[in-house]
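**Student:**
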Amino acid sequence: MKDIATPTRTKEILEKYGFSFKKSLGQNFLIDPNILRRITETAELTKETGAIEIGPGIGALTEHVARSAGKVVAFEIDQRLLPILSDTLSPYDNVKIIHEDVLKADVAQIVEQEFTDFEQLMVVANLPYYVTTPIIMKLLEEKVPLKGMVIMLQKEVADRISAKPGTKAYGSLSIAIQYYMTAETAFIVPKTVFMPQPNVDSAVIKLLKREKPAVEVTNEQFFFTVTRASFAQRRKTILNNLTNQLPQGKEKKEAVIEALSQAEIEPSRRGESLSLEEFARLANALYPVFKS
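Per numbering that gives the first Met the number 0, residue 0 is the first one in the sequence shown, and the count goes up by one each step.
(1) Can you round the beta-carbon distance between Leu145 and Leu126 to whole angstroms, since I take them to be within the 8 Å contact cut?
(2) Where does Gln153 sit, in a helix, a strand or coil, going by DSSP?
(3) Between the C-alpha atoms of Gly54 and Gln26, what's the straight-line distance to the nearest angstrom?
(4) Sorted by chain position, which residues of the same chain lie with C-beta nearer than 7 Å to Ser161's C-beta, five sequence neighbours on each side aside?
(5) What three-state label does DSSP hand Pro214 in the structure shown?
(6) Exposed or buried, which one is His63 when buried takes at least 16 other CB atoms within 10 Å?
(7) Would you please state the rounded distance, in angstroms, between the beta carbons of Leu238 and Pro266? I believe it to be under 8 Å.
(8) Compute the beta-carbon to beta-carbon distance between Ala73 and Asn93, rounded to the nearest angstrom, for a pair I have assumed lies under 8 Å.
(9) In the segment 15 to 44, which residue ranges form an unbroken beta strand (DSSP E) of at least 3 residues, counting only runs that do not cross its ends?
(10) Would you please state the rounded distance, in angstroms, between the beta carbons of Gln153 and Val188? I believe it to be under 8 Å.
(11) Run the CB neighbour count on Gly56, radius 10 Å, all protein chains shown included, and call it buried at 16 or more, exposed below.
(12) Going by the CB atoms, is the gap between Ala282 and Phe221 shorter than 8 Å?
(13) How should Asn33 be labelled, buried or exposed, when 16 other C-beta atoms within 10 angstroms of its C-beta is the threshold for buried?
(14) Would you please state the rounded distance, in angstroms, between the beta carbons of Thr131 and Val156? I believe it to be under 8 Å.
(15) Leaving aside the five residues before and after Thr61 along the sequence, list all residues of the same chain whose C-beta is less than 7 Å from its C-beta, in chain order.
(16) Using the C-alpha atoms, what's the distance from Phe193 back to Glu140?
(17) Who are the Cβ neighbours of Glu271 in its own chain at under 8 Å, not counting the five residues just before and after it?
(18) Taking just the CA atoms, how far does Tyr178 sit from Pro82?
(19) Pick helix, strand or coil for Gly56, following the three-state DSSP scheme.
(20) Just to confirm, are Ala262 and Val214 a CB contact at a threshold of 8 Å?
(21) For Ile76 and Gly69, I'd like the C-alpha separation in whole angstroms.
(22) Drop a sphere of 10 angstroms on the beta-carbon of Ala258, count the other beta-carbons inside from all chains shown, and report buried for 16 or more, exposed for fewer.
(23) Consult DSSP for Ala4 and reduce its assignment to one of helix, strand or coil.
(24) Quick check on the DSSP output: the alpha helix (DSSP H) that includes Glu276 runs from which residue to which?
(25) Would you kindly work out how many angstroms separate the C-alpha atoms of Gln112 and Glu210, rounded to a whole number?
(26) Taking the beta carbon of Ser19 as the centre, do at least 16 other beta carbons fall within 10 Å, making it buried, or is it exposed?
(27) Met148 and Val110 - do their beta-carbons sit closer together than 8 Å?
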């Protein structure tokens with residue numbers, strides 16, 4: 000069977016349907032079957048695996064996932080792509096396309112309906128770059144029962160997700176995702192394998208769900224509030240950021256200093272130098288001061 004993801008076949012499909020790319024939807028289609036094979040290999044799919052895809056485009060990655068996984072459910076927001084997908088994916092009876100914005104969908108309910116017979120669930124997707132972070136965070140915060148995600152995204156975002164403390168890329172996004180999952184960059188993808196070519200290089204990142212979050216916190220929401228506040232102005236100290244960003248932080252400055260001392264963190268340190276464990280200690284020490 001001829002792969003969808005060759006330059007010639009992609010052009011044929013686009014011409015047949017008179018399809019034009021919408022920049023606002025971040026549409027960049029992959030035209031290299033080798034990259035798609037590597038993505039599915041990284042996801043370690045079996046017939047016992049259910050797969051969720053987001054933004055299938057004309058089905059290039061979908062068909063590779065369908066060949067390896069037991070079932071694929073793909074969310075596509077662009078109505079113009081539905082007849083194309085119905086055509087290109089007709090050889091695969093284990094694919095279901097849902098015409099919905101994944102950010103508005105009740106993904107947990109769809110998972111319950113569609114994947115009752117599957118032992119594990121993976122997200123495998125070439126994510127639209129303009130909504131990468133909201134999509135990942137939605138799936139994590141809504142506690143969708145995933146084993147993990149193998150996703151292609153902007154290299155810069157992949158670097159931020161897998162970043163370690165003390166590096167420039169490390170920030171509240173690194174912490175939010177590493178709290179729930181282990182993160183490693185699987186490989187880099189050059190811009191030349193897309194149609195149209197994006198302006199940036201991409202990376203495929205592998206995220207695997209931890210059995211329990213990386214650290215124990217009194218209140219998850221507050222923990223994330225503290226991490227976001229700590230990076231609000233990267234050049235400022237942790238004390239400065241917390242007192243400026245947390246509600247009534249200035250009035251509670253003494254209590255913030257006390258909480259930092261309790262968590263064994265120097266007030267003069269910057270957010271990027273704190274590990275996940277240190278942020279957990281800090282959030283737990285601050286919570287009694289700020290819980291309303």
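Don't be surprised by glycine CBs; every beta carbon is placed ideally from N, CA and C.
A quick note: this is a predicted structure, and the numbers were derived from the prediction, not measured.
**Tutor:** Well, looking at it:
(1) No, Leu145 and Leu126 are not in contact; Cβ-Cβ is about 14 Å, not under 8 Å.
(2) strand
(3) 8 Å
(4) Ala182, Glu183, Thr184 and Ile204
(5) According to the sequence displayed, residue 214 carries Val and not Pro. Coil.
(6) buried
(7) 4 Å
(8) So it is not a contact: roughly 11 Å between Cβ atoms.
(9) none
(10) At roughly 10 Å, the Cβ-Cβ gap does not stay under 8 Å, so Gln153 and Val188 are not in contact.
(11) buried
(12) yes
(13) exposed
(14) 6 Å
(15) Glu52, Pro55, Val71, Ala73, Leu88 and Val94
(16) 31 Å
(17) Pro164, Gly165, Thr166, Lys167, Tyr169, Gly170, Phe230 and Arg233
(18) 40 Å
(19) coil
(20) no
(21) 23 Å
(22) buried
(23) coil
(24) Leu275 to Phe289
(25) 24 Å
(26) exposed
(27) no
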